[in-house]
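Have a look at this one:
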């Protein structure tokens, strides 16, 4: 990576974080680990090479050999030449003329002489594919005390593992830096403004390469002012060029499509590309180090997703908007096909919000191995600490303010269920409060003056709650935030009225975009001057998911997608379509159709005529699809041949439409979903 090579020396001077990773590398190099081979992997710009450089700079041992994969490595001789040069620089002579066996012998002899065991460090390991058959066998010539450290974009696969080394390899996935690390880096670079430090983290998301580039640009301009839009666009172009370097065009296209979704799979990408997905290209995409595998699909690293979206919106704004609408349509189709997953899909839909404020603040990386618990008395000191620590981290100007922390214990004593705690591996890492506004609780809340404007102006309503306490470990802020939002929304379903009272300014516009209404009459300040604002969510007439869905529709795809009842069952419709020829002689089938589409049959028809009328109604709907765009035309043909004409077997239908059998079966369900939309319109 040329751009990274230029940054290595600078980065070592400003190295932050990575304490655990550095210690692990040191322990491994010293021979204190069970495995001989340590493989470090992570996406481009995550800091793999900088970690290796920092490790070598801190150790004075002479037994290290650094092999740089960014230099051309096509044959084993390219590797041996690098080793020979290092041996010659260490005092060995005429090394270029010796073969691989002699080089190994010289390295072993030098190791015995110095009393240091051999440590081989192989960087940019993705460029070593051409020697993957030779290298493992060559490494086997060394004594078992040799320590191997490799670093690359990908986990070890293929020939590296088939060679018999699998049981000798330990892997280390390099994660992003934490907000605290980024803050420390900013201070080292002399970036003091809290606003610019905040932008440094939100833009880079802890990716060291991005962090360095942003800092350099800030220092060239006015470090007390956030980067201008044109400067951000320049950075995004550089970062995306670095990320997609070497990717084939079909994989780049899939990466664009994947960035539109919060969670993606092959079917979702096909839906917004209107094309059959090449399986090999998809496999190449999900092997990329910035792709995270989850139990229900894949996710892009949140920084990569953010950059890819910004890059596409800058270069191809119309393409992005079309993809976003198609993505939202696809999520809704999935929801209708299985109404039971409606709650699970709300974050997927929120990530497709047309406003970038909602997209950027709500959707960061996942937190693994977590559980939700009630709050015990023993947890109270910790949640008080989380509350103050998080708010002071986000609002440094309020670092001397105790905010409303003194209310936490009295609230818990009145109703312990007011606080929900989030744990990771048996450690309390986050919490939020959802406080019932009943008479006993109001007496507690009255003791804090900052809540007086709200309490004086509020007219009590049933099943009302106050949300004003949230806290999380700043180290885990980027990952915990999404989990808290998800958990909160799940708890909204048990409420009829919510009042969110917050001093976190970045949330002011987001709350309104997510369906809350500003309540300026409740605005207040603490004695130290920290401003709080209130926002109301009224759920007395509709649940939150319905409200959110309506908000998403109002300015985006309302004109292109007519809402259908959430009770749609694809198997129910498939049964009706299979019975197409029986409608004139099966009154129960007709009644079933009328129940599913109550507005389709408006005439007073006799039983004899009803079945024929329904057949014509279905045919008209299918013909409407056939007369539509290419994809709808394909769906219409599938329905015509498979159900109206009843052609069997399905292989024959697929052949008639020139589709592979696997694609045909996938399109069959989509065709049923589309005809349902058409028939549900009127």
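Numbering (this note's numbering), first residue to last: 5 to 686. Glycine is no exception: its CB is placed at the ideal position from the N, C-alpha and C atoms. No experiment lies behind these values; they were computed from the predicted model shown.
Cα-Cα separation, residue i to residue j
i, j, result
"residue 351", "residue 493", "9 Å"
"residue 623", "residue 669", "21 Å"
"residue 324", "residue 406", "44 Å"
"residue 262", "residue 488", "24 Å"
"residue 616", "residue 594", "10 Å"
"residue 577", "residue 643", "12 Å"
"residue 422", "residue 453", "20 Å"
"residue 81", "residue 110", "16 Å"
"residue 18", "residue 189", "7 Å"
"residue 336", "residue 465", "33 Å"
"residue 307", "residue 294", "9 Å"
"residue 455", "residue 378", "25 Å"
"residue 558", "residue 340", "With a pLDDT of 49 at residue 558, under the threshold of 50, the modelled position of this residue cannot be trusted; read the value that follows with caution. Each residue's alpha carbon lies about 19 Å from the other."
"residue 179", "residue 529", "39 Å"
"residue 648", "residue 283", "32 Å"
"residue 270", "residue 23", "38 Å"
"residue 137", "residue 160", "13 Å"
"residue 625", "residue 683", "7 Å"
"residue 519", "residue 505", "15 Å"
"residue 355", "residue 257", "20 Å"
Buried or exposed by the 16-neighbour rule on C-beta atoms within 10 Å, applied to residue i
i, result
"residue 322", "exposed"
"residue 200", "buried"
"residue 562", "Note that residue 562 scores 35 on pLDDT, short of 50, meaning its location in the model is unreliable; the coordinates nonetheless yield the value given after this. When all chains shown are included, residue 562 counts as exposed."
"residue 31", "exposed"
"residue 570", "Low confidence applies to residue 570: its pLDDT is 40, below 50, so where it sits in the model is not reliable enough to give any reading."
"residue 120", "exposed"
"residue 329", "buried"
"residue 128", "buried"
"residue 171", "exposed"
"residue 429", "exposed"
"residue 533", "exposed"
"residue 203", "buried"
"residue 678", "buried"
"residue 194", "exposed"
"residue 629", "buried"
Coarse secondary structure for residue i, derived from DSSP in three states
i, result
"residue 302", "strand"
"residue 177", "strand"
"residue 519", "coil"
"residue 1", "With the chain covering only 5 through 686, there is no way to say anything about residue 1."
"residue 491", "helix"
"residue 35", "coil"
"residue 94", "coil"
"residue 561", "Note that residue 561 scores 35 on pLDDT, short of 50, meaning its location in the model is unreliable; the coordinates nonetheless yield the value given after this. Helix."
"residue 196", "coil"
"residue 423", "strand"
"residue 474", "strand"
"residue 297", "strand"
"residue 172", "helix"
"residue 601", "coil"
"residue 512", "helix"
"residue 626", "helix"
"residue 639", "helix"
"residue 19", "coil"
"residue 286", "helix"
"residue 146", "coil"
Enclosing alpha helix (DSSP H) for residue i [first to last residue]
i, result
"residue 54", "52 to 62"
"residue 49", "Segment: none, residue 49 is in no alpha helix (DSSP H) and carries neither H nor E."
"residue 682", "665 to 684"
"residue 255", "253 to 264"
"residue 583", "Looking at the DSSP string, residue 583 is not in any alpha helix (DSSP H), and its letter there is neither H nor E."
"residue 354", "350 to 354"
"residue 281", "That residue, residue 281, is in no alpha helix (DSSP H); it is neither H nor E in DSSP."
"residue 655", "654 to 661"
"residue 458", "456 to 461"
"residue 137", "No alpha helix (DSSP H) contains residue 137, which DSSP labels as neither H nor E."
Opening and closing residue of the beta strand (DSSP E) in which residue i lies
i, result
"residue 126", "123 to 127"
"residue 469", "468 to 471"
"residue 41", "41 to 45"
"residue 69", "68 to 72"
"residue 501", "501 to 506"
"residue 156", "151 to 156"
Contained beta strand (DSSP E) runs [length at least 3] in the stretch 526 to 550, N- to C-terminal order: Runs of the beta strand (DSSP E) inside the stretch 526 to 550: 535 to 542.
What ranges does the alpha helix (DSSP H) occupy inside the stretch 426 to 450, keeping only unbroken runs of at least 4 residues that lie completely in it? Runs of the alpha helix (DSSP H) lying entirely within the stretch 426 to 450 and spanning at least 4 residues, in chain order: 443 to 449.
My parser needs the beta strand (DSSP E) runs of 3 or more residues fully inside the stretch 372 to 421; what are they? Listed in chain order, the complete beta strand (DSSP E) runs (minimum 3 residues) inside the stretch 372 to 421 are 374 to 378.
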